[in-house]
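Protein chains in written order, with the numbering used here: chain H, 165 to 777; chain C, 165 to 777.
Using N, Cα and C, we set each Cβ at its ideal position, and we do this for glycine too.
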């Protein structure tokens with residue numbers, strides 16, 4: 165391809181709203197243009213790389229036996245009403261009414277469409293397992309789209325779904341997907357961090373997110389300096405930094421030398437810091453007691469303290485019964501924070517948040533700041549594991565300006581439920597190897613998870629098993645954002661001058677830069693381009709009548725992995741020479757013109773083999 | 165690929181609403197399923213063929229230097245307001261408001277998006293010509309979607325747009341596109357009829373439609389039995405079947421022996437047929453005079469009879485000035501019909517239709533059925549060319565129950581405008597070779613046309629020419645429906661038993677059918693599949709434990725071009741034999757197992773070469 169006919173409008177200026185490298189470089193290198201806020205058009209150079217990412221994903225999906233299909237982008241709203249997500253998806257889902265007043269959705273994801281297709285075709289266990297995928301347009305109406313295609317409104321996603329007769333079969337496909345995802349990112353030249361993630365609103369358990377480190381990431385990752393432990397902070401665990409008690413007896417025994425608890429006056433002292441200053445001690449010696457409000461609690465509370473009057477309700481025939489609202493006290497060591505995602509998960513609640521001051525006063529009969537576990541009867545008490553190792557602590561006394569000292573878990577109070585609800589922080593230690601933990605900000609590129617029966621139940625999917633009995637299949641779900649993956653490649657591979665494409669996703673493999681596209685130089689450049697092209701190498705030939713400096717700058721900016729410069733001086737040598745330079749390296753080498761083609765082909769094949777291996 | 169893992173849900177039954185072969189067979193062969201009225205999901209087998217059609221289109225676009233880009237499917241409504249089509253597109257365009265109350269369009273076509281992209285990048289004449297295309301999702305909210313993907317709501321279209329400094333450059337690209345389209349359809353195994361089409365609401369002139377014959381076609385095609393003349397009936401011309409006069413003098417001379425016209429009593433005679441019966445003559449001897457109402461007439465009427473009081477208005481700043489409503493009389497030979505598309509084109513009107521009876525009476529001061537050209541002053545008179553050869557005709561006399569006989573054009577009345585507005589019918593003769601014309605119903609697969617300045621003007625696109633002067637580029641526009649092309653392949657290539665794929669777009673090239681997938685048969689089948697696959701042939705191996713009859717039926721239904729049957733009997737021969745059958749042929753041949761692979765590879769390559777040639 166000749167540069168002059170390739171429509172590569174490079175820019176010197178950086179778009180004003182482009183704060184991250186990929187956004188800046190995709191615009192400057194002429195890969196992308198903006199149609200509106202969050203809506204981008206890929207130009208020829210950008211689309212070439214985009215299609216390569218798509219193709220790598222397609223090959224790896226096909227390799228594990230997943231089958232590509234193509235539902236529509238605009239899907240009937242009826243399907244979303246069946247699954248219940250018409251109501252639960254919120255405003256980021258673009259809803260449309262057509263001229264006949266029918267409801268449609270511009271797909272943000274496709275569990276419903278895929279499940280509807282499979283529902284109609286599935287009859288026998290012999291058809292399972294089945295894994296289907298699409299690489300197709302999605303739309304999410306982000307309120308604040310930004311960072312270019314990293315958080316756009318319209319994007320392309322590979323989404324796969326699988327159906328199984330049992331957990332074992334689901335796990336096999338789930339593991340195969342995990343391996344395929346690792347290969348996909350490796351082939352794209354990306355360093356991803358696979359982390360255990362909370363599966364959030366998607367339902368089900370067993371999930372892994374594929375993250376890349378990013379200054380503008382949505383996720384805090386907890387990583388170990390010694391081993392490869394990685395987790396989303398929402399779910400991360402750490403090694404205990406205390407000696408927990410294994411039973412009430414154990415706890416009582418540990419408190420045998422602790423004096424009986426006693427009230428202390430703490431006038432106008434409300435926060436842990438004030439208390440530390442007042443008592444001249446450390447936060448680790450306190451038990452903090454927080455009151456939480458939880459919404460849509462699935463956990464059975466019929467035997468929980470003070471919950472006898474709560475009523476469970478079914479929001480719809482298909483949905484599980486839930487307590488619309490319930491309150492809980494959470495006791496945790498004074499230096500730690502409660503992780504609300506862990507807490508919600510323990511309660512099987514859709515949401516938890518700190519109770520309002522009014523609720524705290526109403527429920528504890530005490531001003532805010534003096535709640536404590538001793539003598540608390542108005543609420544079920546959830547005790548973080550850390551507290552089970554505390555046998556001489558300070559706590560609120562459920563009275564204004566008063567605390568207790570010498571409080572021991574097991575002796576002075578017990579838990580309704582013991583759970584790990586602490587937020588893990590940098591400096592905590594790894595639960596696997598005791599290495600020190602640290603944090604990174606991460607962006608999610610892919611997510612695989614076990615959906616369970618959420619959609620097959622709500623959408624009535626069934627098959628006949630070996631015994632002719634009707635069964636419901638279990639599902640898995642596996643997504644990758646194509647645009648975000650492409651942008652992340654640029655985030656990881658660039659320098660001040662521009663992009664540095666890995667060969668596998670480069671728009672072209674080689675850029676040939678004739679110093680002046682004329683005479684013998686033109687002839688050699690054309691010949692080399694032809695030789696490389698016939699060996700399957702993708703060549704961009706800079707045929708423009710621009711100054712060499714302009715051409716070199718554009719070659720660096722667009723990031724083509726190999727650059728060959730051809731000039732009169734090199735050609736005039738005894739054995740004609742050309743200059744070959746790898747974009748990722750600083751130095752170039754002179755090579756015989758005759759050998760240049762074979763040399764480049766060899767190096768590119770080696771590079772692709774290395775990425776594919 | 166093993167059949168058992170390929171998700172090919174074939175059906176015995178025909179969907180109730182499937183009236184055409186492609187719709188029936190795409191469902192029965194498991195290529196497609198319905199998500200909602202007009203919304204279809206391609207299953208794995210269908211998508212494989214779909215992608216091949218896409219790829220053929222992509223290769224041919226790339227070959228003529230068009231560059232692929234990817235704008236979004238959902239585009240800002242602002243762009244459509246700029247072009248004026250937000251108002252003119254009607255209800256088939258799916259409009260959406262997002263959560264911020266911004267207007268969006270689910271693209272039905274992409275003149276606006278492409279023009280917006282080019283507008284921002286275009287600066288110099290050196291960037292032109294430029295041709296860009298996409299292969300992307302489109303949506304048109306058909307009121308009555310039907311015939312499967314032949315007329316669906318969501319579909320995939322290849323749409324290309326080009327920009328040029330002058331007509332010559334536009335014509336070069338237009339011709340190259342025409343040649344590329346012919347190659348695309350040939351490679352897909354399709355017989356298309358390229359016809360001159362009316363460019364309708366898209367604006368501009370110079371257009372060609374690529375039609376396939378179809379019983380359910382939207383278009384009537386006029387074709388010549390002798391030469392390759394083909395036209396949409398909306399635009400078709402024919403050889404004159406009369407002697408036209410070349411001037412008024414000529415006409416007067418031809419009427420030299422015609423008696424002066426005179427009134428005749430024709431009581432209760434209103435129609436041409438009644439008049440023929442009453443006067444015992446043929447319709448060819450009558451001049452029929454019809455009153456038409458035209459809407460949004462661009463033609464200058466300032467000097468037209470009885471139009472002095474009409475006012476031209478500009479509907480918007482960018483739109484041309486038009487007469488909102490105007491009436492015309494059209495005189496045509498009694499045996500012919502007026503072609504309203506030709507008439508609208510002559511008047512540069514957006515729409516023409518017969519005037520209401522009330523309007524006829526008001527304008528001619530005569531009951532309906534007695535209008536005539538002699539003495540008509542209240543309306544501009546458009547005379548069809550046929551009438552210029554009539555020198556002794558019968559016409560209405562502008563009085564109830566009265567006609568004139570012996571009326572001669574030129575002597576007794578003249579025209580405000582002489583035009584060809586006749587509808588060409590089967591039996592008329594070709595204007596090129598005088599061969600007899602006949603008609604077919606056709607479906608449009610592709611359309612190329614010269615758009616002119618419609619979008620570059622309304623959207624303010626400009627570049628600097630050689631002299632540094634700002635100029636507006638001229639545009640062309642080129643579309644192909646991918647789904648419709650695929651369905652048309654099936655329409656042209658099928659029989660009672662199923663599809664008969666051309667190799668180029670077949671989902672697989674070869675289906676291997678082991679009589680029983682076991683023992684030596686399994687071994688030979690696997691080996692053959694491996695050999696073919698390593699030669700680049702796409703193989704479907706029917707590994708199911710179904711009866712041979714079921715496998716044969718599915719092989720015929722899914723239409724894989726080559727079938728290889730392997731059984732114990734053939735393998736037991738001195739030299740082991742397999743049966744090879746072409747789907748398109750009735751008879752099979754026995755071939756040495758050892759030679760089967762080479763034989764099939766050769767035949768498939770020949771077939772692809774024939775289609776590509």
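Taking CB atoms only, residue 206(H) has a neighbour in chain C less than 7 angstroms away. Counting every other CB atom within 10 Å of its CB across the protein chains shown gives residue 343(C) a total below 16, marking it as exposed.
Excluding five sequence positions before and after residue 556(H), the CB atoms of its chain that fall closer than 7 angstroms to its own CB belong to 422, 570 and 572, given in chain order. Around the beta carbon of residue 500(C), a 10 Å sphere encloses 16 or more other beta carbons of the protein chains shown; the residue is thus reported as buried.
Residue 321(C) has 300(C) and 645(C) as its beta-bridge partners, per DSSP. Counting only residues of its own chain and dropping the five nearest sequence neighbours on each side, residue 548(H) has a CB closer than 6 angstroms to the CB of 496, 585 and 586. Residue contact with chain H for residue 233(C): present (Cβ-Cβ distance below 7 angstroms to some residue of chain H). The Cβ-Cβ distance between residue 603(H) and residue 386(H) falls below 7 angstroms. Beta-bridge partners assigned by DSSP to residue 360(H): 372(H) and 395(H). At least one CB atom of chain C sits nearer than 7 angstroms to the CB of residue 229(H). Residue 700(H) does not reach chain C, its nearest Cβ partner there being about 14 angstroms away, counting only Cβ pairs nearer than 8 angstroms.
Around the C-beta of residue 216(C), 16 or more other C-beta atoms lie within 10 Å, and the residue is accordingly described as buried.
The three-state reading of DSSP puts residue 584(H) in coil, since its state is none of H, G, I, E or B. Nearest Cα to residue 250(C) within the set 234(C), 232(C), 274(C) and 230(C): 274(C). A check of alpha carbon separations from residue 646(H) across 434(H), 444(H) and 352(H) identifies 352(H) as the nearest. Per DSSP, reduced to three states, the secondary structure at residue 389(H) is coil, with no helix or strand assignment. Per DSSP, the continuous beta strand (DSSP E) segment holding residue 452(H) begins and ends at 451-461. Rounded to whole angstroms, the separation of the alpha carbons of residue 756(H) and residue 741(H) is 5 angstroms. Contact with chain H is found for residue 281(C), since one of that chain's Cβ atoms lies less than 7 angstroms from the residue's Cβ. Listed in chain order, the beta strand (DSSP E) elements of length 3 or more contained wholly in the region 733-760 of chain C are 741-746 and 752-756. Comparing alpha carbon positions, the residue from 324(C), 268(C) and 262(C) closest to residue 222(C) is 324(C). Contacts with chain H at 7 angstroms (Cβ-Cβ) include residue 260(C). Nearest CB-CB separation between residue 319(H) and chain C: not below the 7 angstroms threshold. Scanning chain H for C-beta atoms nearer than 8 angstroms to the C-beta of residue 263(C) yields 255, 256, 305 and 307, reported in chain order.
A straight-line Cα-Cα distance of about 28 angstroms links residue 485(C) and residue 372(C). Counting of Cβ neighbours within 10 angstroms places residue 460(C) among the buried residues, the total reaching 16 or more. If you compare the alpha carbons of 329(C), 178(C), 580(C) and 295(C) with that of residue 635(C), the shortest gap goes to 329(C). Distance from the Cα of residue 564(C) is smallest, within the candidate group 592(C), 697(C), 640(C) and 533(C), for 533(C). In the DSSP assignment, residue 314(H) falls outside any alpha helix (DSSP H) and carries neither an H nor an E. The beta carbon of residue 237(H) falls within 7 angstroms of a beta carbon belonging to chain C, placing the residue at that interface. Residue contact with chain H for residue 197(C): present (Cβ-Cβ distance below 7 angstroms to some residue of chain H). Unbroken alpha helix (DSSP H) stretches of 4 residues or longer found wholly inside the region 593-657 of chain H: 618-622 and 646-656, given in chain order.
At least one CB of chain H lies nearer than 7 angstroms to the CB of residue 173(C). Residue 240(H) has a beta carbon lying within less than 7 angstroms of a beta carbon in chain C.
With fewer than 16 neighbouring CB atoms inside 10 Å of its own CB, residue 307(C) falls in the exposed class.
Check the Cα spacing between residue 257(H) and each of 227(H), 302(H) and 226(H): the tightest is with 302(H).
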